[in-house]
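Reading through the structure tokens given below for one structure.
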Amino acid sequence: MPTIFIFFGFRFVFFSNDHEPVHIHVIKGKGKIKEFAIYQVVPEILLLENQGLKSNELKLAEMVIEENKEIIIKNWKDFFQK
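Pasting the structure below:
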């Protein structure tokens, strides 16, 4: 599970068996995954799933994704299109 970055206590990751379209998992905290969200990144940023994150946490995650969209896409391509 490659971690792309960590901001404000959230891990932004891909899973090694992920699939198109480009998306990112946002995981709250460390250890066992209890609270998370999944965002599609292209063609547009779209919340696909939320498990336990609050509205303000989702807004923060979306803002981080928007600010780092190109980094996420580049990392996706580097990891999955080897």
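82 is the number that this note's numbering gives to position 80 of the sequence shown; each next residue is one higher, with no gaps. Ideal Cβ positions, reconstructed from N, Cα and C, are used throughout, including at glycine. Remember, it's a predicted structure, so these values are computed and weren't measured experimentally.
| Asked | Found |
| --- | --- |
| To the nearest angstrom, how far is the alpha carbon of F16 from that of S57? | 22 Å |
| How is V24 classed by DSSP in three states: helix, strand or coil? | coil |
| Going by C-alpha distance, which of L49, K32 and V24 is nearest Q83? | V24 |
| Mind checking which residues open and close the beta strand (DSSP E) that includes I8? | T5 to F9 |
| Under 8 Å, do Q53 and E37 count as touching if we go by C-beta distance? | yes |
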